[in-house]
Every structure is written in C-alpha cells, then in structure tokens.
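Student:
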Amino acid sequence: MKVSVTVDGVRYEDDVEPRLLLVHYLRDQAGRTGTPIGCDTTNCGACTVLMNGMSVKSCSVLAVQADGAEITTIQGLANGELHPLQRAFHEEHALQCGYCTPGMIMAAADLLRDNPHPNEHEVREGLEGNLCRCTGYQNIVRAVLKAAGSAEVTT
Amino acid sequence: MTTETVANEVGKARRRKEDARLITGQTNWTDNITLPGMGYVAFARSPHAHARITSVDLSEAKAAPGVLAVFSGADVAAEQGGLPCAWPVTPDIVMPNHPPMAVDTVRYAGEIVAAVVARDRYAAADAVALIDVSYEPLEPVLDMEAALAEGSVKIHDAGNKSFTWPFANGDIDAAFRDAPIVLERTYRQQRLIPCAMEPRAVVCAPVGDEYTMWSSTQIPHVLRVMLALVTGIPEHNIRVIAPDVGGGFGSKLQVTAEEVLALLLARRLGRPVKWTESRSEGNVAVHHGRDQIQRIRIAADADGRLRGLDVDLLADMGAYLMLVTPGVPLLGAFMFNAIYKMDAYRFACTGVFTTKTPTDAYRGAGRPEATYAIEHIMDDLAAHLGVDPLELRMRNWIKHEEFPFTTIAGLTYDSGNYEAATEKARSLFHYDALRSEQAERAAAGATVRLGIGISTFTEMCGLAPSRILGSLAYAAGGWEHASIRMLPTGKVEVVTGSSAHGQGHETAWSQIVADELGVPFEDIKVLHGDTQVSHRGMDTYGSRSLVVGGTALVVACGKVREKARIIAAGMLEVAPEDLEWDAGRWSVRGDPDQGKAIGEIAFAAFAAHALPDGVEPSLDSDATYDPDNFSFPHGTHLCSVEVDTETGAVKIRSYVAVDDVGVVVNPLIVEGQVHGGIAQGIAQALYEEAAYDSSGNLVTATLADYLLPSAADLPTFTTERTTTPSTGNPLGVKGVGEAGTIASTPAVVNAIIDALRPFGIEDIPMPCTPERVWRAIEAARSARAEGAAQ
Numbered sequence: 001m002k003v004s005v006t007v008d009g010v011r012y013e014d015d016v017e018p019r020l021l022l023v024h025y026l027r028d029q030a031g032r033t034g035t036p037i038g039c040d041t042t043n044c045g046a047c048t049v050l051m052n053g054m055s056v057k058s059c060s061v062l063a064v065q066a067d068g069a070e071i072t073t074i075q076g077l078a079n080g081e082l083h084p085l086q087r088a089f090h091e092e093h094a095l096q097c098g099y100c101t102p103g104m105i106m107a108a109a110d111l112l113r114d115n116p117h118p119n120e121h122e123v124r125e126g127l128e129g130n131l132c133r134c135t136g137y138q139n140i141v142r143a144v145l146k147a148a149g150s151a152e153v154t155t
Numbered sequence: 156m157t158t159e160t161v162a163n164e165v166g167k168a169r170r171r172k173e174d175a176r177l178i179t180g181q182t183n184w185t186d187n188i189t190l191p192g193m194g195y196v197a198f199a200r201s202p203h204a205h206a207r208i209t210s211v212d213l214s215e216a217k218a219a220p221g222v223l224a225v226f227s228g229a230d231v232a233a234e235q236g237g238l239p240c241a242w243p244v245t246p247d248i249v250m251p252n253h254p255p256m257a258v259d260t261v262r263y264a265g266e267i268v269a270a271v272v273a274r275d276r277y278a279a280a281d282a283v284a285l286i287d288v289s290y291e292p293l294e295p296v297l298d299m300e301a302a303l304a305e306g307s308v309k310i311h312d313a314g315n316k317s318f319t320w321p322f323a324n325g326d327i328d329a330a331f332r333d334a335p336i337v338l339e340r341t342y343r344q345q346r347l348i349p350c351a352m353e354p355r356a357v358v359c360a361p362v363g364d365e366y367t368m369w370s371s372t373q374i375p376h377v378l379r380v381m382l383a384l385v386t387g388i389p390e391h392n393i394r395v396i397a398p399d400v401g402g403g404f405g406s407k408l409q410v411t412a413e414e415v416l417a418l419l420l421a422r423r424l425g426r427p428v429k430w431t432e433s434r435s436e437g438n439v440a441v442h443h444g445r446d447q448i449q450r451i452r453i454a455a456d457a458d459g460r461l462r463g464l465d466v467d468l469l470a471d472m473g474a475y476l477m478l479v480t481p482g483v484p485l486l487g488a489f490m491f492n493a494i495y496k497m498d499a500y501r502f503a504c505t506g507v508f509t510t511k512t513p514t515d516a517y518r519g520a521g522r523p524e525a526t527y528a529i530e531h532i533m534d535d536l537a538a539h540l541g542v543d544p545l546e547l548r549m550r551n552w553i554k555h556e557e558f559p560f561t562t563i564a565g566l567t568y569d570s571g572n573y574e575a576a577t578e579k580a581r582s583l584f585h586y587d588a589l590r591s592e593q594a595e596r597a598a599a600g601a602t603v604r605l606g607i608g609i610s611t612f613t614e615m616c617g618l619a620p621s622r623i624l625g626s627l628a629y630a631a632g633g634w635e636h637a638s639i640r641m642l643p644t645g646k647v648e649v650v651t652g653s654s655a656h657g658q659g660h661e662t663a664w665s666q667i668v669a670d671e672l673g674v675p676f677e678d679i680k681v682l683h684g685d686t687q688v689s690h691r692g693m694d695t696y697g698s699r700s701l702v703v704g705g706t707a708l709v710v711a712c713g714k715v716r717e718k719a720r721i722i723a724a725g726m727l728e729v730a731p732e733d734l735e736w737d738a739g740r741w742s743v744r745g746d747p748d749q750g751k752a753i754g755e756i757a758f759a760a761f762a763a764h765a766l767p768d769g770v771e772p773s774l775d776s777d778a779t780y781d782p783d784n785f786s787f788p789h790g791t792h793l794c795s796v797e798v799d800t801e802t803g804a805v806k807i808r809s810y811v812a813v814d815d816v817g818v819v820v821n822p823l824i825v826e827g828q829v830h831g832g833i834a835q836g837i838a839q840a841l842y843e844e845a846a847y848d849s850s851g852n853l854v855t856a857t858l859a860d861y862l863l864p865s866a867a868d869l870p871t872f873t874t875e876r877t878t879t880p881s882t883g884n885p886l887g888v889k890g891v892g893e894a895g896t897i898a899s900t901p902a903v904v905n906a907i908i909d910a911l912r913p914f915g916i917e918d919i920p921m922p923c924t925p926e927r928v929w930r931a932i933e934a935a936r937s938a939r940a941e942g943a944a945q
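Okay, here's the thing in structure tokens:
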C-alpha cells in the first residue's frame with residue numbers, strides 16, 4: 001500500500017506491506033534509527049514518537065495508519081538547539097544507557113503539552129507507560145519538572 | 156608558556172559526554188546497523204521444556220519468499236561446538252555440552268532448534284512459522300529438590316547435580332553446640348529476568364576468512380576469545396565491536412548461542428547477517444538471575460553476639476552452565492557473613508540442573524542473595540532477642556578502628572566505617588520518630604501498619620585479583636588495560652578495556668585523565684568497546700571498571716608523565732630530576748616560569764627534531780593493572796513501608812540510602828547508579844518473578860506479565876554518602892554499580908516483615924505482592940484463631 005508520511009519535516013512516499021509497523025517503517029525505511037524498540041507488547045514505550053503532536057507507541061501503529069500524518073521522532077525534536085526536555089535530561093542526569101530516553105522524552109513532551117506545569121505525582125503517573133531499567137526514574141522526574149519550569153524540583 | 160591550571164576534575168558533577176548522542180537519537184545500537192546484502196536471522200525455539208527432537212522439516216520454510224537459507228541443529232552440528240563455561244568451580248563439576256542449536260534434545264522452552272536467514276525481518280519471522288519440528292516430550296524437571304531426589308528424570312546423562320562447593324572456617328560445631336540462641340530459616344530467591352531495555356542484537360560480517368561482529372554485549376574482549384575457541388576461527392581474524400549498548404546488568408556478560416550462530420551463518424552464507432531479539436524471545440532466551448533456596452542457621456549468645464553461621468544453598472543452574480553460571484552463587488559465599496564478626500562459618504552450595512532457561516550473573520550476582528539472607532535473619536534475631544535491629548548490628552559489626560579486617564570468609568576488608576554511615580542514615584531517616592509512630596499505630600490496632608527495614612550491607616567489588624580468581628578455578632584473570640595516546644595538538648585519546656553500556660565511562664575516565672595529565676576535560680576522548688581499537692580488556696561487570704580500569708588509567712598516565720619529563724628536560728636543557736610536575740606542566744624546581752606544558756611536550760615528541768638521545772618520539776603509554784584485593788563498598792539503607800493489612804498493599808513511604816563507595820569521581824553518576832540499583836532491588840522485593848507453569852513454560856515472557864516497576868511504582872529516594880577511601884588503589888575508589896541492588900531488597904522486605912511481626916509473620920516469599928502479603932496475614936490470623944480455640 002502507498003503511504004505518504006512526513007517524518008521530522010521530510011515527506012516520504014513509500015509502498016509498504018499493510019502489516020508493517022510504524023516503528024519498523026521509521027527505522028528500516030526512513031532510516032530514523034533514533035527511535036528504538038524495547039518490547040513487543042507496547043509496555044515499554046521506548047518507541048514513543050509524536051503523531052500529529054500526540055504521543056504514540058510506534059510499535060502499536062501500522063505504517064499505513066500514519067498515512068498523511070506528521071511524525072516527530074527524537075531526531076526531529078531539537079530545533080536548531082536542544083529541546084528543553086533534552087537539555088533537562090542532560091542537566092539532571094536523567095539517562096544512563098539511554099535506550100529508553102527517546103521514548104521517555106517524547107512521552108514527556110506530550111505530557112507537558114497536556115499539562116504544562118505538572119507536579120511530581122503527575123509526572124510519575126504520566127510516564128507510567130515508559131519503562132527505564134537504569135535510573136530508578138528519580139532524575140527523569142526531576143528533568144521533566146525542570147523542563148516544565150515547575151518550582152518544585154524535589155531532591 | 157601556558158599558565159592555565161586545570162581544576163580538579165575528580166569529584167565534579169560533570170554532565171555526561173555520552174548524553175549528546177543519546178538525547179538526540181544519534182545512537183549506534185547494534186540493531187541500527189544495516190550492511191549491503193545483509194540477511195536477517197530468526198530462530199525457531201522449542202515450545203517444550205524437555206523433549207527429544209524426532210524430526211525437523213525445513214522444506215516449506217526454505218521455499219518461502221525472501222528466504223536465503225534455513226538450518227537445523229543437525230545441519231550445523233559438526234561446526235557449532237559448545238557454548239563455553241569459564242568457571243568449573245570444582246574438579247568434579249558436571250559441565251554438559253551446550254550446543255548453540257539443539258540437535259537431538261531440548262532442555263528448556265526457548266532453546267534454539269532451527270535458524271532462518273531471509274531478506275528482511277518479516278520474511279524471516281514468516282519462515283520460522285513454516286518450520287515443522289516434531290518432538291517426543293519428556294518430563295520437565297522444574298523443582299531443584301525434586302531434581303536431586305532419587306529417581307528424578309535425568310536432564311543430562313551425568314544427572315541433575317552439577318557440583319557441590321564447600322567452604323568452612325572456624326569450629327562450626329563448637330559455635331552451635333550449647334549456643335543460647337539458634338535460628339534456622341529457609342529463604343527463597345526467586346528467579347529474575349534482567350530486562351536490559353535494549354534487547355540483544357548481533358550483526359556479523361564476513362570478509363574473506365575474517366569476521367567482524369557487532370554485538371550488544373558487555374564483554375567484547377572476552378567474547379572475541381571465546382568465539383575463537385568455540386568456532387576454531389583464529390582469534391586474529393575476529394573483531395568484536397560493542398557499539399552503543401543499552402544496559403546489561405549482567406545479562407550481556409555472556410557468550411550466547413545467537414552470537415555463535417550468527418558467526419556460523421555469516422560464514423556459511425558469505426554475507427553479513429543480523430539478528431535482533433524481540434522482548435518476549437529475550438525473556439526466555441537471555442539468561443536469568445538469582446533462583447536459590449537458602450537454608451541458613453545462625454548461632455548467637457544471649458546478648459546477640461554472633462557465634463556461627465551455617466549456610467546451605469541450592470542454586471538453580473537452569474538447563475546448562477553458561478559463561479559464569481556456577482561461579483555466581485560462590486560470589487555470595489564470601490558475603491553471607493557480611494559486615495559481622497563471628498567465630499565460625501560453614502557454607503555449601505549445590506548447583507542443580509532444571510529444565511529452565513540457564514541462570515547467570517544478574518546485577519550483584521550472588522551478593523544480593525547472600526545479603527538478603529543475612530540481613531533478613533539479623534532482623535529475625537533482633538526480634539527474637541527483643542532488641543532494636545540496628546543495636547544488634549552494632550554489637551556485631553566490624554568497628555571502624557578494626558580495619559583492615561580479615562573476615563571469617565577469608566576476605567580482608569581494607570576499610571570501612573559502618574558507624575558513620577549508619578548514624579547518617581538514621582538521622583536522615585528520622586529513625587526514632589518513625590519507631591514511635593510504628594508503636595502508636597500498633598497500639599491503636601491500625602489497619603495500615605508501619606514497618607522499618609534495615610540493610611547494613613557490604614559487597615566485594617573490583618573483580619578481581621587474578622590470583623584469587625585462579626584459586627577459585629575461574630578460567631581468566633581480572634586485570635584491566637588502558638592506553639593513553641597523546642595527540643600532537645595536545646588532545647588525548649584514552650583507550651580502555653572496560654566496555655561501558657550506560658555507566659558513563661567516557662565522562663568519568665575523562666575526569667581522571669584530566670587530573671592525571673592536567674589537560675582539559677573537553678580535550679579528552681575515551682575509546683572503548685572495539686577489539687581493534689582497544690586490543691586488550693576484561694570488560695565491564697562486577698563493579699570493576701573504575702576500581703580496576705580506572706587504576707589502569709592512572710598507571711598509564713604516570714608513564715606518560717615520566718616520558719614527558721625526559722623530553723621536557725631536553726627542551727629546557729636541565730636534568731629530569733630538576734623538574735617538578737604541577738597541573739599539566741613540567742617546570743624547573745625553584746623556577747616555575749621555566750616549564751613545558753604536556754601539550755607542548757606532545758608536539759615536540761611528534762616533531763621529534765630535538766629529542767634527547769635514545770628517547771622514542773612518543774608519549775603514548777599503556778598499563779595493565781591487576782589489583783591485589785577486592786574493594787568493599789558498604790552502606791546503610793533504611794526503608795519505611797506502610798502495609799495495608801486489609802488488602803496486603805505495600806507502599807514505600809521513605810527510603811534513605813547512605814553509601815560509602817570511597818572517593819567519588821562523579822557524584823552525579825554515583826547518585827544515578829544508586830537510584831537505579833535501589834529500583835532494581837525494590838523490583839525483586841515487590842514486583843518481579845520469572846514464573847513457570849507446570850509444563851515448564853515461562854508464563855512471564857512479556858513485559859505485560861513480567862512486572863518492571865514504572866515511575867508511578869517507585870518513591871523518591873534520599874541518597875547521601877560517607878567517604879572512607881579504599882586503601883587498595885591510588886584513586887581510593889570502591890565501585891558503585893551493584894550497591895543499590897544489593898542493599899535495597901532486604902531493606903524493603905525487612906520493612907514489610909517488621910510491620911507484620913505483631914501478627915506472628917516472620918517471612919513472606921518474594922515478590923511481596925499484595926496477594927502474598929494478604930495471604931500471609933490471613934494465614935497468621937487463622938493460626939492464631941486456631942491456637943486460641945485449642
């Protein structure tokens with residue numbers, strides 16, 4: 001099937017199998033390997049991208065469902081300079097191996113779109129669908145609060 | 156001349172160099188690699204825990220579109236060799252052959268029985284579904300005690316016992332004879348799945364008779380040696396690259412069937428191949444961790460002074476011995492006595508085969524298991540005596556003035572200060588206030604009870620002195636290598652044999668070298684994880700990288716400085732002895748304006764126009780460091796939980812960790828390691844368990860069933876440090892990679908038990924799910940009611 005997808009500002013037109021997952025399309029056909037795959041049951045969220053501004057787990061979207069959509073991956077988030085979330089993840093040491101980081105940042109971007117000034121509890125609940133095995137989440141939560149400019153950054 | 160001085164980098168909370176690529180998606184995970192003509196590998200795996208393979212029909216799969224080749228175990232039997240186990244812990248150990256692809260018998264569900272190579276990953280998966288393997292099912296063996304029982308079905312011809320490894324020191328019979336108090340407990344260490352976020356992947360490219368393998372591994376150097384030994388391909392014709400690796404926690408400290416088969420398939424096909432595992436495939440195929448039955452007896456005087464400790468372990472090996480499977484419980488053998496003094500210690504571990512996924516190292520590897528058991532029984536002993544569990548520990552621990560101290564297990568702890576760490580933790584935790592609140596709630600018969608859990612742990616890190624490893628029958632050494640390359644422009648390339656997969660070596664190693672050579676942090680590039688770039692190494696596991704690899708850096712930098720001194724002396728026309736080193740510069744003693752910075756000396760060495768006679772035109776140096784001893788980080792972790800006695804729900808209310816990891820190179824990285832470690836230990840206490848059904852199938856094969864905690868499941872931790880420098884290495888460092896995981900599991904479980912002791916509860920098997928907690932409370936209530944009725 002033919003799909004037309006804009007990925008990180010570049011329009012792609014491709015012939016794809018109907019069963020092709022969006023994440024495989026992004027990685028294998030569009031060459032956007034910044035979005036990794038961490039599981040096969042939509043639990044880990046490593047593959048989270050924005051589809052028309054809303055976060056989706058790209059392992060649970062078919063490429064054909066993204067026809068006509070605008071996809072933003074971690075590679076398209078920075079606009080000349082780092083996105084505030086990227087900067088905050090760096091500053092607050094919110095990553096170790098970094099494998100969950102693209103999905104975590106994209107999920108956090110959607111969280112802040114929905115709730116620009118969350119408290120710690122809201123950040124923890126809001127990122128529930130994204131798993132990290134390295135950080136214990138504490139610095140991820142701090143980073144998201146920092147990027148939001150929230151006053152309350154707990155230690 | 157330059158007069159700039161470089162500030163001390165060690166100790167600074169430097170933001171990580173690694174982050175730049177990781178936060179922008181410019182990473183190089185193995186699965187990102189695509190090579191021209193590359194075939195995609197998918198494996199057919201056994202659905203049976205134990206079965207004989209009666210036939211394998213590949214014909215349909217071979218005919219499927221896009222399929223390049225399909226192989227059964229029989230097809231590769233002649234060339235696949237056996238997967239290595241490098242730790243034959245006893246002379247009579249049973250080490251069964253472990254074919255990468257099963258040929259006639261499968262011994263766990265998930266064992267590879269056939270391989271497809273196709274043009275894309277979808278075609279490969281489709282073809283796997285067309286493979287027809289017929290099995291004659293055999294009885295699974297899922298329980299360690301049943302496996303050892305007379306008449307059990309044999310998993311291997313030599314039986315189901317792999318080894319028994321004994322240790323004894325002191326007169327254990329005397330310690331227990333007439334002891335006023337003897338407690339005996341049996342604890343269960345459930346089986347865990349490491350679940351590094353990056354599933355494993357391997358790419359192998361043949362060029363002539365040479366092979367390059369990219370693998371999501373912790374151990375590129377060990378892997379290269381082992382691939383050569385297993386396949387017979389000469390070692391110098393194999394290059395292994397660990398590109399960006401997304402976590403390991405021990406699970407990538409392995410030589411896997413998939414790596415060996417990728418190499419064989421690439422050789423057969425003469426084209427590059429790639430295999431990437433799915434998570435549910437990884438959960439059955441990546442080695443698991445823990446899985447022990449711990450029988451522990453402790454003898455004490457009436458005042459709580461420990462007399463003796465007697466430990467019998469059953470350790471589940473799974474179906475085969477993998478790289479260090481038998482050695483994992485032995486690492487725990489030296490840690491059951493923990494920070495305590497006692498008269499006698501006896502330990503025995505029996506390694507048992509079952510028809511389950513093999514076990515091997517998982518964060519802490521033997522030490523979390525031991526720490527859990529001793530810290531749990533110390534709390535039980537305190538409850539038995541009616542003394543505060545911290546007080547009991549103080550009566551028994553090694554006092555700070557007693558270091559260095561040789562323990563009953565034979566290790567010499569070089570340094571530590573348990574008093575200081577505990578006092579700090581106690582204060583941050585508001586220990587006394589929480590104890591008061593706990594008593595009030597209990598007195599009021601509150602349904603939500605408060606419990607306080609204690610874990611005063613130590614661990615052996617910095618694996619390891621090669622001689623000790625040799626004495627424990629480990630096949631390799633424990634040294635580490637480092638090279639310093641001084642570039643003509645004064646920049647520095649640091650080559651390390653450590654192989655980071657999230658730890659932040661590029662940052663921490665830069666900090667160390669910046670101080671050692673007096674060059675700016677930004678001018679240093681750390682290279683690792685490629686056997687062609689880093690030709691010697693022992694890789695990253697066991698909290699060894701900083702202690703061993705960091706020391707290798709220091710030694711190599713010292714050699715650079717000494718070479719630079721000779722050249723600087725020539726440039727300055729003075730004797731080398733007249734020069735002194737300060738902040739990246741050799742200058743004339745008493746005349747500091749007369750000097751040469753390391754960068755200037757590097758350029759002079761590069762130009763080589765006027766070097767002193769006999770001096771080689773290079774400052775480059777390397778060092779291989781083998782430590783004399785382990786290092787012994789320690790700490791006090793305190794956890795408070797609220798237990799709802801009506802629902803069994805456990806909520807962590809506060810968690811305080813005071814760790815002493817010696818000198819800290821980067822406090823940000825240390826704090827991050829502690830956070831993540833605590834989270835993994837909490838996960839064992841509350842959430843995770845690899846569960847099998849009665850036919851031997853893993854029922855927690857997906858992340859929907861295997862419960863990794865999310866941000867919503869974990870509290871905010873309070874982390875602090877005390878600093879007692881290690882005396883075993885010039886940096887004074889001890890290692891931090893495993894500390895949190897070792898400490899936190901007993902802290903949490905002890906807190907739950909502490910809340911429920913008034914109900915008569917002494918143990919709840921992990922993970923302490925609401926159901927298990929609720930059932931324990933109900934059972935205790937029924938038992939009491941029965942007791943009252945009689």
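Protein sequences, first through last, are from chains B and W. So for the first sequence, the working numbering puts the first residue at 1; every next one is plus one. So for the second sequence, the working numbering puts the first residue at 156; every next one is plus one. Ideal Cβ positions, reconstructed from N, Cα and C, are used throughout, including at glycine.
Who are the neighbours of residue 187 of chain W on chain B, taking C-beta pairs under 7 Å?
Tutor: Result: 33.
Student: Taking only runs of the beta strand (DSSP E) that begin and end inside the segment 717-780 of chain W, which ones reach a length of at least 3 residues, in chain order?
Tutor: Listed in chain order, the complete beta strand (DSSP E) runs (minimum 3 residues) inside the segment 717-780 of chain W are 734-737, 740-743, 746-752, 776-780.
Student: CB-CB under 7 Å to residue 148 of chain B, same chain, minus the five flanking residues each way: which ones, in chain order?
Tutor: Once the five neighbours on either side are set aside, the close Cβ partners of residue 148 of chain B are 112, 116, 117, 118.
Student: Taking all protein chains shown into account, do 16 or more other C-beta atoms lie within 10 angstroms of the C-beta of residue 2 of chain B, making it buried, or fewer, making it exposed?
Tutor: Residue 2 of chain B comes out exposed.
Student: What are the boundary residues of the beta strand (DSSP E) that residue 873 of chain W is part of?
Tutor: Looking at the DSSP string, the run of the beta strand (DSSP E) that includes residue 873 of chain W is 873-876.
Student: Return the chain-ordered list of same chain residues with a C-beta closer than 6 Å to the C-beta of residue 852 of chain W, the five sequence neighbours on each side being excluded.
Tutor: Contacts found: 264.
Student: Going residue by residue through the segment 506-544 of chain W, where are the continuous alpha helix (DSSP H) segments of at least 4 residues, counting only ones entirely within it?
Tutor: Counting whole runs of 4 or more residues, the segment 506-544 of chain W contains the alpha helix (DSSP H) stretches 522-540.
Student: Does DSSP put residue 881 of chain W in a helix, in a strand, or in coil?
Tutor: DSSP places residue 881 of chain W in coil when its eight states are reduced to three.
Student: By a C-beta neighbour count over all protein chains shown, 10 Å radius and 16 as the cutoff for buried, is residue 626 of chain W buried or exposed?
Tutor: Counting Cβ neighbours within 10 Å, residue 626 of chain W comes out exposed, since fewer than 16 surround it.
Student: What does a CB cutoff of less than 6 Å around residue 160 of chain W pick up in its chain, not counting 5 residues either side in sequence?
Tutor: Model confidence at residue 160 of chain W stands at a pLDDT of 46, short of 50, so the residue's coordinates are unreliable; what they give is reported in the following sentence. Hits under 6 Å: 738.
Student: Can you confirm whether residue 44 of chain B, when its beta carbon is compared against all beta carbons of chain W, has any partner nearer than 9 Å?
Tutor: True, the Cβ-Cβ gap to chain W drops below 9 Å.
Student: Cutting at 6 Å between CB atoms, please list the residues of its own chain near residue 838 of chain W, excluding the five before and the five after it.
Tutor: Here the set comprises 864.
Student: Say whether chain W places a C-beta atom closer than 9 Å to the C-beta of residue 71 of chain B.
Tutor: No, residue 71 of chain B does not count as interfacial toward chain W.
Student: Contact criterion: CB-CB distance below 9 Å. Does residue 79 of chain B meet it with respect to chain W?
Tutor: Residue 79 of chain B does not count as touching chain W.
Student: Just to confirm my understanding: we take residue 777 of chain W, look at its own chain, exclude 5 residues before and 5 after, and list those with CB closer than 6 Å. What are they?
Tutor: Counting only Cβ-Cβ distances below 6 Å, and skipping sequence neighbours, we find 638, 711.
Student: With C-beta atoms as the reference, is residue 224 of chain B less than 9 Å away from residue 140 of chain B?
Tutor: Because chain B is modelled from 1 through 155, residue 224 of chain B falls outside the range shown and cannot be assessed.
Student: Assuming the contact rule is C-beta atoms closer than 8 Å, residue 812 of chain W and residue 874 of chain W should be a hit. Round their C-beta distance to whole Å, please.
Tutor: Indeed, because the Cβ distance is near 5 Å, the residues count as touching under 8 Å.
Student: Would you say residue 373 of chain W faces chain B, with C-beta separation under 9 Å as the test?
Tutor: No, residue 373 of chain W does not count as interfacial toward chain B.
Student: With DSSP run on the structure shown, which of helix, strand or coil describes residue 547 of chain W?
Tutor: It is helical.
Student: Is there at least one Cβ from chain B nearer than 9 Å to residue 865 of chain W's Cβ?
Tutor: So yes, residue 865 of chain W belongs to the interface.
Student: Excluding the five sequence neighbours on either side, which residues of its own chain have a C-beta within less than 8 Å of the C-beta of residue 153 of chain B, listed in chain order?
Tutor: For residue 153 of chain B, the predicted structure reports a pLDDT of 46, less than 50, and the residue's modelled location is therefore unreliable. The matter cannot be settled from this model.
Student: State yes or no: is the C-beta of residue 760 of chain W within less than 9 Å of the C-beta of residue 766 of chain W?
Tutor: Closer than 9 Å, so yes.
Student: Measure the CB-CB distance between residue 310 of chain W and residue 179 of chain W and report whether it falls below 9 Å.
Tutor: The answer is no: Cβ separation not under 9 Å.
Student: Where does residue 792 of chain W sit, in a helix, a strand or coil, going by DSSP?
Tutor: Three-state DSSP puts residue 792 of chain W in a strand.
Student: If we count the other Cβ atoms within 10 Å of its Cβ and call it buried at 16 or more, is residue 484 of chain W buried or exposed?
Tutor: Per the 10 Å Cβ criterion, buried.
Student: Can the beta-carbon of residue 635 of chain W be found less than 9 Å from the beta-carbon of residue 780 of chain W?
Tutor: A contact, by the Cβ cut-off of 9 Å.
Student: Would you kindly report the start and end of the unbroken beta strand (DSSP E) that includes residue 84 of chain B?
Tutor: Here residue 84 of chain B belongs to no beta strand (DSSP E); instead the alpha helix (DSSP H) covers 84-91.
Student: On the premise that residue 896 of chain W lies in contact with residue 343 of chain W, defined as a C-beta separation below 8 Å, what is that separation, rounded to the nearest angstrom?
Tutor: About 18 Å separates the two Cβ atoms, so there is no contact after all.
Student: Whose CA, out of W/170, W/881, W/564, W/397, lies closest to the CA of residue 703 of chain W?
Tutor: Checking every option, the nearest Cα to that of residue 703 of chain W belongs to W/881.
Student: What span of residues does the alpha helix (DSSP H) with residue 927 of chain W cover, start to end?
Tutor: Where residue 927 of chain W is concerned, the enclosing alpha helix (DSSP H) stretches over 925-944.
Student: In this structure, how does DSSP classify residue 901 of chain W when only helix, strand and coil are distinguished?
Tutor: Residue 901 of chain W: helix per DSSP, three-state reduction.
Student: How would you label residue 262 of chain W, buried or exposed, when you count the other beta carbons within 10 angstroms and need 16 or more for buried?
Tutor: Counting Cβ neighbours within 10 Å, residue 262 of chain W comes out buried, since at least 16 surround it.
Student: Run through DSSP, which three-state label would residue 309 of chain W get?
Tutor: Coil at residue 309 of chain W, not helix or strand.
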